[in-house]
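First comes the structure, then the notes that go with it.
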Amino acid sequence: MKAGPLLVTAASVLACAVALAAFAWRGTLPYRGFPGEEVIVEIEAGQPARMAARALQQAGVIRSALLFRVLMRLRRAEETIRAGEYSFSREMTPEQVLDRLTRGDVIRHRLTVPEGLRADEVAVLVAAAGFGTSKEFLEAVAHPGSVRDLDSRAT
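Everything in the sequence shown is counted per the working numbering, starting at 841 for the first residue and increasing by one.
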């Protein structure tokens, strides 16, 4: 066997390894690819990890959905990310983003309901705050089964 083809093959393998290492290293750096002061990304309940990674990449929060999925797999976090609305306003490493998703550091929306209001009056407040329609609220109140996982005594 001649040294020429062997040398070319070794150089090609080395070049691929260096390119892969550079790609992986770049993926660990802090990143902020979104315009404006903040971006909000919604992770749906039951959404596959690959879809969450894609949404984060499309929003400019992470550089690579592929590398983020590898990180999730390495940390065994694919099933532990939490649903909700997440606000990102600064550059972050993929590790920091994943930490927020697994902690469930979501945007909290507040609604104050004065004591003594009837359900139809609360429905107006809920609709005015943008949490749905009055009709949806009243239907949810009429069927408390959706909160049974929070309180098994809900009837």
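Glycine is no exception: its CB is placed at the ideal position from the N, C-alpha and C atoms.
| Asked | Found |
| --- | --- |
| Stretch pair the stretch 947 to 956 + the stretch 928 to 937: three plus CB contacts closer than 8 Å | no |
| Same chain, Cβ closer than 7 Å to glycine 972, five either side skipped, listed in chain order | Val966 |
| Terminal residues of the alpha helix (DSSP H) in which valine 962 lies | 959 to 968 |
| Check whether glutamine 887 and alanine 923 have beta carbons under 8 Å apart | yes |
| Range covered by the beta strand (DSSP E) that runs through valine 987 | First-last for valine 987: undefined, no H or E at that position. |
| Whole-Å CB distance - alanine 899 paired with valine 910, under 8 Å assumed | That pair is no contact at about 19 Å. |
| Residues near valine 964 by beta carbon distance below 7 Å, same chain, minus five either side | Ser974 |
| Alanine 895 versus arginine 903: straight-line alpha-carbon distance, rounded | 11 Å |
| Closest by C-alpha distance to tyrosine 871, when choosing among Pro984, Ile921, Leu907 | Leu907 |
| Secondary structure, alpha helix (DSSP H): runs of 4+ residues fully inside the stretch 871 to 939 | 889 to 898, 905 to 914 |
| Proximal residues to valine 937 (C-beta, below 8 Å), its chain only, five neighbours per side dropped | Leu896, Val901, Ile902, Phe908, Phe928 |
| Phenylalanine 971 (DSSP reduced to helix, strand or coil) | coil |
| DSSP three-state assignment for leucine 941, whether helix, strand or coil | helix |
| Alpha-carbon spacing of glutamate 925 relative to aspartate 945, whole angstroms | 9 Å |
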